[in-house]
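Have a look at the structure below before the remarks.
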Amino acid sequence: MKAGRLGEWKRKDKIMMFEHKTEEQAREEILSMVEEYYRIFHQKKKTYQEGDRIPYASRIYDEKEMQNLIDSALEFWLTSGRYTEQFEKELAEYIGVKYCSLVNSGSSANLIAFMALTSPLLNERRVCRGDEIITVAAGFPTTVTPYLQYGAVPVFLDLTIPQYNIDVSQLEKALSEKTKAVMIAHTLGNPFDLKTVKAFCETHQLWLIEDNCDALGSEYCMDGVWKKTGSIGDIGTSSFYPPHHMTMGEGGAVYTDNPLLHKIIRSMRDWGRDCMCPSGQDNLCGHRFDKQYGELPLGYDHKYVYSHFGYNLKATDMQAAVGCAQLKKLPDFVTRRRENFKRLKEQLSGLEDKLVLPETCPNSNPSWFGFLITCKEGVDKNQVVSYLEEHGVQTRMLFSGNLTKQPCFDEMRQTGEGYRIADTLVRTDDIMENSFWVGVYPGMTDEMIDTMAKLIKKSL
Ligand SMILES: Cc1ncc(COP(=O)(O)O)c(C=O)c1O
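Numbered per my numbering, the sequence shown spans residues 1312 to 1771.
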């Protein structure tokens, strides 16, 4: 049969499949085929054997994520829609905040969270160019990039070992008349000292942004009440890039309890527009054509009124669909991360003369992203890491190490302008030189953890 005829036959055959079915029945049939496809082609059959590679992270999913993805694709709405709405509602409930906005990455979430603070709607509390933002130097660059690009000045704090927390005595040293906000990540899932930082922010009228990208599910006890990290500051952010606590391929979220900040976040995310109508819906407030904005003519279409210089950082509904299925698994993911962390730490106990092992921040219950190990004097990190990698254990650095030593800082380092170091970054440098981390992701079995521990011991 000629190729063209074969294509015709295949098409005909497919049309036949749904000929006497409703759209709903056809969709159900496709989704049940997806389940079978998952079972046959994706479900892991192979169990871990010693010698297999142990990645630091991996996606954990089943037929539910694939079915949601296909369901959304068949609907073909594409941009944010019903799955996005569901995801935003359910994530807000999980975190314990009123408002959540889905975006296309954790970096976009950080960008919007910071840019929201520059809104003129915040009056005298607005962050202006030249104002200072307190942060840490050992972390992920896009916790800092948004304010550097805007022209605000990062003021870097050191990280303390073994809790990988910030040194609170430095907060006072970092403070100046220009300080407007604190924006720090919960390093590898371990919350920073939220009680002290929040009190510092309240005393000095500073905004607090929690970069929660590595800590989804972490909890902190604030004045006797357990809360999720990301809900204690003014704004929290998440990343759903595959290695993170849950994934939708690419994705992120910005959340807050503050209605004004929420309005600004939505505006920043959705082109800077003033109107809050969701995609595809017009005139929900009933005032689309009867108000006066700026110097625009009276009644100018509210859909095209811009109260901010914004972006379009929305995610697609297909990403949200995957996220909805992942959210249901999240509590179990968090539990397993905690168990894996505990097991690895138990197995490595007794090595404290050679290694600094991570310790939980007081008053917290971390949802660990990774297990950070710092080599003490006499132990060569590079040799340990090489040994582990050669024996199949995937390792990671604490992201940028000392961010101010990265090539992107070359120009600023030379002029000494555009950033400030609160005190010293001695511990940050120590982390950069002597620390690495391994995974505790929920797909790790006890055997994998035990093998990792064995190899770490052997490497010493
Ligand atoms: C602390 C932190 N913030 C922000 C991000 C950026 O997230 P994304 O990769 O989704 O842009 C990451 C990425 O891993 C991160 O670790």
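We put the CB at the ideal spot given by N, CA and C, even for glycine.
- Apart from the 5 residues on each side of it in sequence, Leu1607 sits with its Cβ closer than 8 Å to the Cβ of Val1616 in its chain, given in chain order.
- The C-beta of Leu1709 has 16 or more other C-beta atoms within 10 Å across all chains shown, which makes the residue buried.
- Between the beta-carbon of Ser1529 and that of Pro1502 there is about 5 Å, and that keeps the pair under the 8 Å contact cut.
- Close CB contacts of Ile1341 within its chain, under the 8 Å cut and outside five residues either way in sequence, are with Ile1381, Leu1385 (chain order).
- Sequence-distant Cβ neighbours of Met1743 in its own chain, meaning closer than 6 Å and more than five residues away, are Gly1712, Asn1713.
- Shown here, Gly1703 sits in coil according to DSSP, grouped into three states, outside any helix or strand.
- Taking all protein chains shown into account, Lys1625 has 16 or more neighbouring C-beta atoms within 10 Å of its C-beta and is therefore buried.
- Close CB contacts of Leu1638 within its chain, under the 6 Å cut and outside five residues either way in sequence, are with Glu1401 (chain order).
- For the alpha helix (DSSP H) assignment, the uninterrupted runs of no fewer than 4 residues enclosed by the region 1552-1610 are, from N- to C-terminal side, 1570-1580.
- Taking 8 Å as the upper bound for CB-CB distance, Thr1715 and Ile1732 are in contact here, some 7 Å apart.
- The DSSP assignment places 1374-1386, 1393-1406, 1417-1427 as complete runs of the alpha helix (DSSP H) inside the region 1359-1445, in order along the chain (cut-off: 4 residues).
- Set against 7 Å, the gap from the CB of Ser1550 to the closest heavy atom of ligand 1 is smaller.
- In this structure, Cys1524 has its beta carbon less than 7 Å from a heavy atom of ligand 1.
- DSSP, reduced to helix, strand and coil, places Leu1470 within a strand of the structure shown.
- Closest by C-alpha distance to Thr1446, out of Leu1432, Met1426, Leu1470, Glu1435, is Leu1470.
- Segment contact: the region 1455-1468 against the region 1411-1431, three or more CB-CB distances shorter than 8 Å; contact assigned.
- Only buried fits Asp1442, as 16 or more other CB atoms lie within 10 angstroms of its CB.
- About 19 Å separates the CB atoms of Gly1750 and Ser1549; that is not less than 8 Å, and the two are not in contact.
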